[in-house]
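Student: Structure provided below as structure tokens; questions to follow.
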Amino acid sequence: MKTEQIFQLMPERCLNRCNLTDVNSRNPQEATAPPYWINKAYRDTASLQPLLESIGVHPLAIEACLDPTPASLLAVYGKSLFIALPIHTAWDIENRTFLWIICLPRIIITIHEADIPALQQIIERYSDGMRFHGDNTSAILYQILDHVIDEDMMFTLKTRDVIDRLDQLLDDNFDKKLTEETLPLKRQLTRLAATFEDQLYCVSSLQTIDSESFSVSELHEYFRDAFLHLEHASRVMGRQLAHLSAIEHQYQLNLQDKTTDRLRLLTVTSTIFLPLTLITGIYGMNFQKMPELGWPYAYPAVVSLMLLLAVGMLWNFYRRGWFQ
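Just so we're aligned, residue 155 is where the sequence shown starts under our numbering, counting upward by one.
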């Protein structure tokens, strides 16, 4: 992917590739100036500051872009609307990726470190015939948010499939595999849920902003749709977390049942052999005055007594439901 892509929003409401010279040759303050979109992928922040300063981005917005510890943010700095939007670019990433969006009166800038497939989809589609809902940067911003949200929603489908598979593992008693996958999945779900919460805050806040660099008046229904989409995503995350917690709870119950079964077996075995051991110990005493030692049927009689006692105790345990 190219590190810097610049497009002009044509009167036909589609994108046309241009360069930074075209942007600087027009005064963005002019009402007749066409909207531009600058998509910047960076590997180090040193290349960001000169570009943003040349376009006229507010110093506080530039400082927010250079912050080494980014966080979700939506703020207006002069004529610059700054958005730090958390996104997910891959299923197995440990940390969230941030997309910085800066809206100027006639320029929108997207800045990101990792490649974002959703942005490339917008570029390909709207450079090849598709039209934006408006002829301003707000229309471009809506498409960016909509595509990013849709991309993140795809991860909820993946989490649903993984949870269903874990549920099947629970039924099939694959205990080791279940424990190995549950905790990482829970962390991924928590990160994804936090991302949707921050995106929901961003979209809801945008509906209340009406500045020189951004206006939602013509696109209110579209942003409302994005808001409802995120609310649905948050509910889905809540249900999936609840489902995963139910699987964990059932797994713990299964472990308790197995432990109880083992203890029950040990208890039954110990209880049966305790009196048998006592009888064996008494009978094994080598005293001289034990009349049963001289009786020819003493040994089979004692063994029979022990067997009857063991069977009787087993029957008693069975009646009390110990083997259920």
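Built from N, CA and C at the ideal position, the CB exists for glycine as well.
A quick note: this is a predicted structure, and the numbers were derived from the prediction, not measured.
Does the stretch 189-198 touch the stretch 316-328, meaning 3 or more C-beta pairs lie closer than 8 Å?
Tutor: Counting Cβ pairs under 8 Å, fewer than three are found: no touch.
Student: Quick one: measure Cβ to Cβ for Glu387 and Thr310, integer angstroms, because I've assumed they're closer than 8 Å.
Tutor: Looking at the sequence provided, one finds Ala at residue 387 rather than Glu. Contact holds; Cβ gap of about 6 Å.
Student: Who are the Cβ neighbours of Phe471 in its own chain at under 6 Å, not counting the five residues just before and after it?
Tutor: Cβ within range, chain order: Val422.
Student: Assign Arg128 to one of three DSSP states: helix, strand, or coil.
Tutor: Outside the displayed span of the chain (155 to 478) sits residue 128, for which this structure offers no information.
Student: Can you check DSSP and say which residues form a bridge with Ala195?
Tutor: His266.
Student: Starting from Gln361, follow the beta strand (DSSP E) in both directions and report where the run begins and ends.
Tutor: From DSSP, Gln361 is part of no beta strand (DSSP E); its letter is neither H nor E.
Student: Are the C-beta of Asp318 and some C-beta of chain C separated by less than 8 Å?
Tutor: Chain labels in this structure do not include chain C; a single protein chain is all it has.
Student: Can you tell me which of the three DSSP states Phe252 falls into?
Tutor: Three-state result, Phe252: strand.
Student: Strictly by DSSP, which residues pair up with Ala229?
Tutor: Answer is Phe236, bridged to Ala229.
Student: So what does Cys257 bridge to, in DSSP terms?
Tutor: Answer is Leu235, Ile262, bridged to Cys257.
Student: Judging by CA-CA distance, which residue of Leu354, Val177, Glu278, Ser358 is the nearest neighbour of Asp306?
Tutor: Considering only alpha carbons, the answer is Leu354.
Student: Let's see if you can read the secondary structure: which residues bound the alpha helix (DSSP H) around Ile160?
Tutor: Run containing Ile160: none in the alpha helix (DSSP H); it sits in the beta strand (DSSP E), 158-163.
Student: I'd like the list of long-range same chain contacts for Phe368, defined as Cβ closer than 8 Å, with 5 residues on each side in sequence excluded.
Tutor: If we look at Phe368 and ignore the five residues flanking it on each side, its Cβ neighbours are Leu235, Cys257, Thr291, Ser292, Leu295, Leu360.
Student: Are the CB atoms of Asp321 and Ile401 nearer to each other than 8 Å?
Tutor: In contact: Asp321 and Ile401 (Cβ atoms closer than 8 Å).
Student: If the criterion is Cβ atoms closer than 8 Å, does the pair Gly288 and Leu398 meet it?
Tutor: It is not a contact, given that the beta carbons lie outside the stated cut-off.
Student: Could you spell out where the alpha helix (DSSP H) holding Ala293 opens and where it closes?
Tutor: Run containing Ala293: 291-326, per the alpha helix (DSSP H) assignment.
Student: Anyone know if the C-beta pair for Phe252 and Pro271 falls short of 8 Å?
Tutor: No. Outside cutoff.
Student: Check whether the Cβ atoms of Ala464 and Ile426 sit closer than 8 Å, and answer yes or no.
Tutor: In this structure, Ile426 lies closer than 8 Å to Ala464 by Cβ.
Student: For the stretch 219-235 against the stretch 158-165, do three or more pairs of beta-carbon atoms, one drawn from each stretch, fall closer than 8 Å, so that the two count as touching?
Tutor: Verdict: no, contact absent.
Student: What residue from Glu267, Arg167, Gln410 has the CA that sits closest to Ser201's CA?
Tutor: Considering only alpha carbons, the answer is Glu267.
Student: Rounded to whole angstroms, what's the CA-CA distance from Leu284 to Cys168? Just pull it up for me.
Tutor: Just to set this straight, residue 284 is Met in the shown sequence, not Leu. If you take the alpha carbons of Met284 and Cys168, they lie about 6 Å apart.
Student: Just to confirm my understanding: we take Trp245, look at its own chain, exclude 5 residues before and 5 after, and list those with CB closer than 8 Å. What are they?
Tutor: Within the same chain, Trp245 has close Cβ partners Phe309, Lys312, Gln342.
Student: Exposed or buried, what is Leu273 when buried is set at 16 or more other beta-carbons lying within 10 Å of its beta-carbon?
Tutor: Looking at its Cβ environment, which holds 16 or more other Cβ atoms inside 10 Å, Leu273 is buried.
Student: Go through its chain and collect everything with a Cβ distance to Tyr383's Cβ below 7 Å, but skip five positions before and after it.
Tutor: Note on identity: in this sequence residue 383 is His, with Tyr being the wrong assignment. Ile303, listed in sequence order.
Student: Rounded C-beta distance between His101 and Leu346? I'm assuming under 8 Å.
Tutor: Residue 101 lies beyond the range of the chain shown here (155 to 478); nothing can be said about it.
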